[in-house]
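I have placed the structure first, in the form of structure tokens, so that the comments after it can refer back to it.
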Amino acid sequence: MSLFLAPTTGETLRAFHQQLMQWFDEHGRHDLPWKPQDHYTPAQNIYHIWLSEIMLQQTQVATVIPYFFNFIEQFPTINALADAEIERVLKAWEGLGYYARARNLHQGAQYVRDQFNGEIPCDFAAIESIKGIGRTTAAAIMSQGFNRPFAILDGNVKRVMARVTGAMHPEKQLEKVLLPFAYMMSSQARPNDYTQAVMDFGATVCTKQPKCTTCFWQARCITLQQQQVAMIPAKKIKAVKKDLELFPIIVENQRGELLFHQRTTETIWHNLYEFPHLSSHLLDIEEMMPNVTVIESISLPRFKHVLTHINFHIEPLWIKVTTDDPSITLNGQCYAFTPRAIYETYAKTKPTNDLLDAIHG
DNA sequence: AACTCGGGGCG
DNA sequence: CGCCCAGAGTT
1 MSLFLAPTTG
11 ETLRAFHQQL
21 MQWFDEHGRH
31 DLPWKPQDHY
41 TPAQNIYHIW
51 LSEIMLQQTQ
61 VATVIPYFFN
71 FIEQFPTINA
81 LADAEIERVL
91 KAWEGLGYYA
101 RARNLHQGAQ
111 YVRDQFNGEI
121 PCDFAAIESI
131 KGIGRTTAAA
141 IMSQGFNRPF
151 AILDGNVKRV
161 MARVTGAMHP
171 EKQLEKVLLP
181 FAYMMSSQAR
191 PNDYTQAVMD
201 FGATVCTKQP
211 KCTTCFWQAR
221 CITLQQQQVA
231 MIPAKKIKAV
241 KKDLELFPII
251 VENQRGELLF
261 HQRTTETIWH
271 NLYEFPHLSS
281 HLLDIEEMMP
291 NVTVIESISL
301 PRFKHVLTHI
311 NFHIEPLWIK
321 VTTDDPSITL
331 NGQCYAFTPR
341 AIYETYAKTK
351 PTNDLLDAIH
361 G
């Protein structure tokens, strides 16, 4: 049995496309900074679209814009990015989240430098072979960068297409069901503008709580007519979150240097910097750090840090000590005292930055 | 197919 | 406080 509210005809999709493009010309976002510009080379414009697509994964436009400007200033070309140190790339990404994106982007730039002479080719399969680029981002580069008819199905497009077609399918089936419709839409006129148009429409009109009274399609929207707007697209099944406690220890010596180290775990916050932390409360300071004299021990307020799948409950301890040692062994691991000017140049986790604000503010 | 990866904004 | 945002890699 069909999960569509009603069958969708080709005429319906063509009419929607026509009106969408008219809407875009008048109301679309035409000033996004990664839009191709004449004072950049064609290769740079493609690079900008690539970069923006990566930054925009699960991240809103307003958040991305300042990061984008900073990034292209530091890394103006793909080859410049490829030749840069990963530490600099992560620093430019600091606070944006999903740090695997930065590592994949850096690896991708080296791949493009070595395999494609520093220029992204107009080849969907080749683009998709670049680290960090999946079907959606590859299609976005093909359509927006090269003006080729490739369909994207990101969150915005899925929401728009689900409502236009009245697809009630659950999240997993939805993408497969909508892909043929998405391709049909993209294969009409102005592929690059269409891609931007449908995303702008999804981001500004056909939102989660859509502005149907201003919508050009309200008279023909099957989802609106049958009052299913709140039900389409179907909600995602919420993942169960874990609660984890974290006990960071901020050890500050008489010169104001802090114990600081780079994460090496393969899981979260890979390659980023943080304070040493324990999995339980620090019981005996003198026992854990024999060669230091504790001047002051301050419990900072506990706070929460939320990730997609983890709630961190953080109970920080700030210990001011005197010692002649340049490093401290804690739980069998060696941590070095680091001057403020140094650690501020490295990309840190969000809780670490919050703690730095707390002790310096 | 399910799970993992951040952080910000908004109602 | 819950949900979503221009998703992709791993298992």
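So in UniProt numbering the end of the first sequence lands on 361, straight run, no missing numbers. Note that beta-carbon positions come from the ideal geometry of N, C-alpha and C, so glycine has one too. Bear in mind that the values here come from a model prediction, so they are computed numbers and not experimental data.
Distances from the CA of Gly332 to each of Leu356, Gln74, Glu287, Pro316 were compared; the closest alpha carbon is that of Glu287. Here Gln22 carries a helix assignment [DSSP, helix/strand/coil]. In the DSSP annotation of this structure, Thr207 is not part of any alpha helix (DSSP H), being labelled neither H nor E. For His309 and Lys131, the gap between their C-alpha atoms comes out near 24 Å. Distance from the CA of Glu171 to the CA of Val177, rounded to the nearest whole angstrom, comes to 10 Å. About 23 Å separates the Cβ atoms of Leu51 and Phe24, ruling out a contact at the 8 Å cut-off.
Contact check between the stretch 128-145 and the stretch 33-50: three or more CB pairs, one atom from each, fall below 8 Å, which counts as touching.
Per DSSP, reduced to three states, the secondary structure at Leu56 is coil, with no helix or strand assignment. Around the C-beta of Thr165, 16 or more other C-beta atoms lie within 10 Å, and the residue is accordingly described as buried. Inclusion of Leu224 and Ile249 in the CB contact set at 8 Å is not warranted, their separation being larger than that value. For the UniProt domain "HhH-GPD" (55-204), the continuous alpha helix (DSSP H) assignments of 4+ residues that do not extend past its boundaries occur at 61-74, 78-83, 86-93, 100-115, 124-128, 135-140, 155-165, 171-186, 191-204, in sequence order. In the DSSP annotation of this structure, the continuous segment of the beta strand (DSSP E) that includes Glu296 starts and ends at 293-299.
Counting along the chain, the unbroken beta strand (DSSP E) around Gln262 starts and ends at 258-262. In the structure shown, Ile49 adopts helical secondary structure according to DSSP, grouped into three states. The C-beta distance from Val198 to Leu20 rounds to 6 Å, short enough to meet the 8 Å contact threshold. Taking the Cα of Met185 as reference, the smallest distance to any Cα among Gln58, Lys158, Val61 is reached at Lys158. The shortest CA-to-CA distance from Leu90 to any of Phe71, Leu179, Ile78, Lys208 is the one to Phe71. The secondary-structure analysis by DSSP pairs Asn311 across a beta bridge with Asp243, Val306. By DSSP's assignment, Lys348 forms a beta bridge with Tyr273.
Note that the C-beta distance between Ala162 and Ile152 is not below 8 Å. The Cβ-Cβ distance between Phe337 and Leu259 falls below 8 Å. Looking only at Cys221, Val205, Ile78, the smallest Cα-Cα distance to Leu13 is reached by Cys221. A distance below 6 Å between beta-carbons, with the five flanking residues on each side excluded, links Gln226 to the following residues of its chain, in chain order: Leu5. By the CB criterion at 8 Å, Asn253 and Thr323 fall inside the cutoff. For Tyr40, there is no enclosing alpha helix (DSSP H), as DSSP marks it with neither H nor E. In the DSSP annotation of this structure, Ile237 is not part of any alpha helix (DSSP H), being labelled neither H nor E. Looking at the backbone, the Cα of Met289 and that of Tyr343 are separated by about 22 Å. Annotation: Val112 to Tyr47 spans about 11 Å, alpha carbon to alpha carbon. Here Cys212 is near Val229, since their CB atoms are less than 8 Å apart.
In this structure, DSSP gives Phe337 an extended state, which the three-state scheme calls strand. By the C-beta density criterion, Val240 is exposed, having fewer than 16 other C-beta atoms within 10 angstroms. With contact defined as three or more Cβ pairs closer than 8 Å, the stretch 231-238 and the stretch 293-306 are not in contact.
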